[in-house]
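Visitor: These protein sequence lines map, in sequence, to chains A and B. Taking the numbering used here, the leading residue of the first sequence gets 1, the next gets one more, and so forth. Taking the numbering used here, the leading residue of the second sequence gets 234, the next gets one more, and so forth.
Protein chains: 2
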Amino acid sequence: MRLVIARCSVDYAGKLAAHLPEANRLIMVKADGCVAIHADGGAYKPLNWMNAPNTVVEEFGDVDDGSDDADTSVHRWIVTNPKKETLTITLHEVMSDTAHELGTDPGLQKDGVEAHLQELLAASPAAIEDGLTLVRREYPTAIGPIDLVCRDETDTVVAVEVKRRGDIDGVEQLTRYIERLKLDSSLGDIRGVFVAQVVKPQAKVLAESRGFTWVEVDYDELRGMKPDELRLF
Amino acid sequence: MRLVIARCSVDYAGKLAAHLPEANRLIMVKADGCVAIHADGGAYKPLNWMNAPNTVVEEFGDVDDGSDDADTSVHRWIVTNPKKETLTITLHEVMSDTAHELGTDPGLQKDGVEAHLQELLAASPAAIEDGLTLVRREYPTAIGPIDLVCRDETDTVVAVEVKRRGDIDGVEQLTRYIERLKLDSSLGDIRGVFVAQVVKPQAKVLAESRGFTWVEVDYDELRGMKPDELRLF
DNA sequence: TATTACATGTCGACC
DNA sequence: GGTCGACGTGTAATA
Chain A
1 MRLVIARCSV
11 DYAGKLAAHL
21 PEANRLIMVK
31 ADGCVAIHAD
41 GGAYKPLNWM
51 NAPNTVVEEF
61 GDVDDGSDDA
71 DTSVHRWIVT
81 NPKKETLTIT
91 LHEVMSDTAH
101 ELGTDPGLQK
111 DGVEAHLQEL
121 LAASPAAIED
131 GLTLVRREYP
141 TAIGPIDLVC
151 RDETDTVVAV
161 EVKRRGDIDG
171 VEQLTRYIER
181 LKLDSSLGDI
191 RGVFVAQVVK
201 PQAKVLAESR
211 GFTWVEVDYD
221 ELRGMKPDEL
231 RLF
Chain B
234 MRLVIARCSV
244 DYAGKLAAHL
254 PEANRLIMVK
264 ADGCVAIHAD
274 GGAYKPLNWM
284 NAPNTVVEEF
294 GDVDDGSDDA
304 DTSVHRWIVT
314 NPKKETLTIT
324 LHEVMSDTAH
334 ELGTDPGLQK
344 DGVEAHLQEL
354 LAASPAAIED
364 GLTLVRREYP
374 TAIGPIDLVC
384 RDETDTVVAV
394 EVKRRGDIDG
404 VEQLTRYIER
414 LKLDSSLGDI
424 RGVFVAQVVK
434 PQAKVLAESR
444 GFTWVEVDYD
454 ELRGMKPDEL
464 RLF
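Encoded structure:
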């Protein structure tokens with residue numbers, strides 16, 4: 001990894017055009033060739049970047065700027081990717097330029113919450129709605145698996161979409177699933193329930209207008225809950 | 234900005250649990266206090282991070298690990314944010330530790346984001362379709378604002394959804410808006426037009442099946458265009 | 001503060 | 001190569 005601290009200006013031309021005026025920044029070049037330009041603030045996202053694969057051309061040279069003064073010396077990196085996007089870094093003054101061999105990273109081990117939420121609800125469907133019993137988790141359809149398929153007290157089929165954050169596109173997803181289930185006439189009536197830790201207001205409106213109910217569940221509470229079978233006593 | 238190259242292991246506990254085994258990495262600490270741990274590859278996203286605001290506690294000390302060997306010396310950073318998420322960085326060996334004063338960044342100037350595209354189209358709706366005139370930009374509805382509402386030559390209301398990239402969810406969005414507009418019977422017939430710099434094949438198919446038209450517009454061309462009023466002569 | 005929609009989103013899985 | 005769905009999404013604007 002190469003780390004350059006420099007006063008620089010930057011131009012990106014690709015999906016959009018972006019320009020960074022001259023200032024002091026960190027330029028990070030990783031072993032895979034990706035380049036990122038960081039300011040001294042603003043979370044982890046760089047101001048500008050170019051992901052691998054790309055090619056870097058380093059230009060040194062004098063440029064006749066048309067004035068009577070001595071020619072301006074330029075030091076410029078031109079980073080290009082196969083999509084012909086370019087990142088042009090003009091280095092006005094290099095304060096530091098170091099490189100370190102880090103080796104390949106063993107990688108991140110994650111233990112997620114979101115898959116867990118679905119597990120917990122599968123174990124305790126009554127937490128979604130009184131009297132609900134599980135038919136199948138990850139119920140397969142042609143357009144993807146439905147998180148939970150249940151039956152309610154009246155034996156009506158209930159399709160459940162589970163999200164950590166209840167956004168509007170989750171409701172769209174549920175809509176597509178229900179549409180699909182309704183093609184299978186053997187199932188009879190089908191209801192939809194949208195479940196999330198937080199359901200956004202717009203998602204509530206859309207869910208209701210589609211005839212779905214929505215439920216907000218508390219993860220910690222759910223985790224403390226015993227499976228339905230055990231709770232009968 | 235402080236840059237530490239170190240052999241380290243990392244644990245994050247918060248929205249999920251994540252662990253990084255011991256390896257050589259870059260630890261970046263910015264002036265606003267945010268911390269990012271980078272491997273030597275994998276685009277610009279760090280393996281782990283903690284955004285500002287947060288507090289860093291640096292621990293030095295000996296730990297009795299229970300063995301007969303000499304106690305293990307530990308050097309550990311514990312980063313905590315107000316939401317009680319924690320990032321624990323254990324430094325096994327520090328290869329380099331430098332700091333640089335960068336100052337505040339003048340910031341990024343962007344050109345070509347969706348807002349610009351919408352502005353240009355609002356100024357020149359005829360670029361979307363001949364004879365189109367603007368009724369209102371950001372037309373408000375209960376489920377969000379419609380990018381552009383226009384009328385065509387026959388005075389029919391036309392709802393326009395503008396996207397930089399024409400994906401399938403943009404068509405869904407337009408569908409919801411039209412659904413909503415049709416509840417307001419005073420508007421009469423309503424057509425939908427999906428506008429983007431590039432419309433993906435699936436989005437084209439879906440738009441057509443919904444009875445919408447789709448249009449691909451060139452940003453640079455649009456920018457060179459004069460507003461409709463001026464173009465009448 | 002909360003709510004919304006955009007993002008050069010990024011990233012992985014699957015087809 | 002494309003689409004789809006999730007992300008510790010982040011981020012800025014707006015109410």
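A virtual CB, placed ideally from N, CA and C, is assigned to each residue, including glycine.
(1) Step through the CB atoms of chain A and report whether any lies within less than 7 Å of the CB of B/Trp310.
(2) On the three-pair Cβ rule with 8 Å, is the segment 382 to 389 of chain B touching the segment 354 to 366 of chain B?
(3) For the alpha helix (DSSP H) that A/Arg191 lies in, which residues bound it at each end?
(4) Let's see if you can read the secondary structure: which residues bound the beta strand (DSSP E) around B/Asp344?
(5) Considering only residues of the same chain and omitting the five flanking positions on each side of A/Asn51, which have a CB-CB separation below 6 Å?
(6) Should B/Ala392 and B/Tyr410 be called a contact, given that it needs their Cβ atoms to be closer than 7 Å?
(7) Determine, for A/Asp152, whether the minimum Cβ-Cβ distance to residues of chain B falls below 7 Å.
(8) Around the C-beta of A/Ser124, are 16 or more other C-beta atoms found within 10 angstroms, so that it is buried, or is it exposed?
(9) Answer yes or no: does any C-beta atom of chain A fall closer than 7 Å to that of B/Gly457?
(10) Just the C-alpha distance for A/Phe194 and B/Pro378, rounded to the nearest angstrom, thanks.
(11) Measuring CA to CA, which of B/Thr321, B/Gln435 and B/Pro373 is closest to B/Glu291?
(12) Please specify which runs of the alpha helix (DSSP H), each continuous and at least 4 residues long, are wholly inside the segment 131 to 200 of chain A, giving them in chain order.
(13) With respect to the beta strand (DSSP E) encompassing B/Glu347, which residues constitute its N-terminal and C-terminal limits?
(14) Are the C-beta atoms of B/Glu347 and some chain A residue less than 7 Å apart?
(15) Check whether the segment 77 to 94 of chain A and the segment 38 to 55 of chain A touch, using three or more Cβ-Cβ pairs below 8 Å as the test.
(16) Can you grab the Cα-Cα spacing for the pair B/Leu236 / A/Val198, in whole Å?
(17) From A/Ala6 to B/Glu326, what distance separates their C-alpha atoms?
(18) Can a CB atom of chain B be found closer than 7 Å to the CB of A/Gly103?
(19) Quick check on A/Tyr44 - is its C-beta less than 7 Å from some C-beta in chain B?
(20) So that I know if they touch, is there some Cβ in chain B lying closer than 7 Å to that of A/Lys30?
(21) Exposed or buried, A/Met28, counting other C-beta atoms within 10 Å across all chains shown (16 or more means buried)?
(22) Are any of the Cβ atoms in chain B nearer than 7 Å to that of A/Met50?
(23) Suppose you measure from the CA of A/Ser209 to the CA of B/Gly444; what does that come to, to the nearest Å?
(24) I need the boundaries of the alpha helix (DSSP H) containing B/Arg456, first residue and last residue.
(25) Given that a residue counts as buried once 16 or more other Cβ atoms are within 10 Å of its Cβ, and exposed if not, what is B/Gly425?
(26) Is the shortest distance between the beta-carbon of A/Cys34 and the beta-carbons of chain B less than 7 Å?
(27) Using DSSP bridges, identify the partner residues of A/Asp97.
(28) If you follow the beta strand (DSSP E) that B/Asn281 is part of, which residue opens it and which one closes it?
(29) Tell me whether B/Thr408 is buried or exposed, calling it buried when 16 or more other Cβ atoms sit within 10 Å of its Cβ.
(30) For B/Thr446 and B/Ala440, what's the separation of their Cα atoms in angstroms?
Guide: Short version:
(1) No - not a single Cβ of chain A is within 7 Å of the one on B/Trp310.
(2) Short answer: they touch.
(3) It is not in any alpha helix (DSSP H) - A/Arg191 instead sits in the beta strand (DSSP E) that spans Ile190 to Val199.
(4) B/Asp344 -> beta strand (DSSP E) spans Gln342 to Asp344.
(5) The answer, listed in chain order, is Cys34.
(6) Against a cut-off of 7 Å, the Cβ pair of B/Tyr410 and B/Ala392 comes out as a contact.
(7) It does not; no Cβ of chain B falls within 7 Å.
(8) Counting the other CB atoms within 10 Å of its CB gives A/Ser124 a total of 16 or more, which places it among the buried residues.
(9) No, because no Cβ of chain A sits closer than 7 Å to the Cβ of B/Gly457.
(10) Computed Cα separation, rounded: 24 Å.
(11) Checking every option, the nearest Cα to that of B/Glu291 belongs to B/Thr321.
(12) Qualifying alpha helix (DSSP H) stretches, in chain order: 168 to 183.
(13) Note, B/Glu347: premise wrong, no beta strand (DSSP E); alpha helix (DSSP H) at Glu347 to Ala356.
(14) Under the 7 Å criterion on CB atoms, B/Glu347 is classed as non-interfacial with respect to chain A.
(15) In short, these stretches touch, since the Cβ pair count reaches three.
(16) Between B/Leu236 and A/Val198, the C-alpha separation is close to 38 Å.
(17) The alpha-carbon atoms of A/Ala6 and B/Glu326 are separated by roughly 27 Å.
(18) Yes - at least one Cβ of chain B is within 7 Å of the one on A/Gly103.
(19) A/Tyr44 counts as touching chain B.
(20) Output row for A/Lys30: interface = yes.
(21) A/Met28 is buried by the Cβ-count criterion.
(22) Taking Cβ atoms only, chain B never reaches closer than 7 Å to A/Met50, which makes this a no.
(23) Those two C-alpha atoms are separated by around 22 Å.
(24) In the DSSP annotation of this structure, the continuous segment of the alpha helix (DSSP H) that includes B/Arg456 starts and ends at Tyr452 to Gly457.
(25) Buried is the label assigned to B/Gly425, since at least 16 other Cβ atoms lie within 10 Å of its Cβ.
(26) Yes, because at least one Cβ of chain B sits closer than 7 Å to the Cβ of A/Cys34.
(27) As DSSP reads the structure, A/Asp97 sits in a beta bridge with A/Val4.
(28) For B/Asn281, the enclosing beta strand (DSSP E) has its first and last residue at Asn281 to Met283.
(29) A residue is called buried when at least 16 other Cβ atoms come within 10 angstroms of its Cβ; B/Thr408 meets this threshold and is buried.
(30) B/Thr446 and B/Ala440 have their C-alpha atoms some 6 Å from each other.
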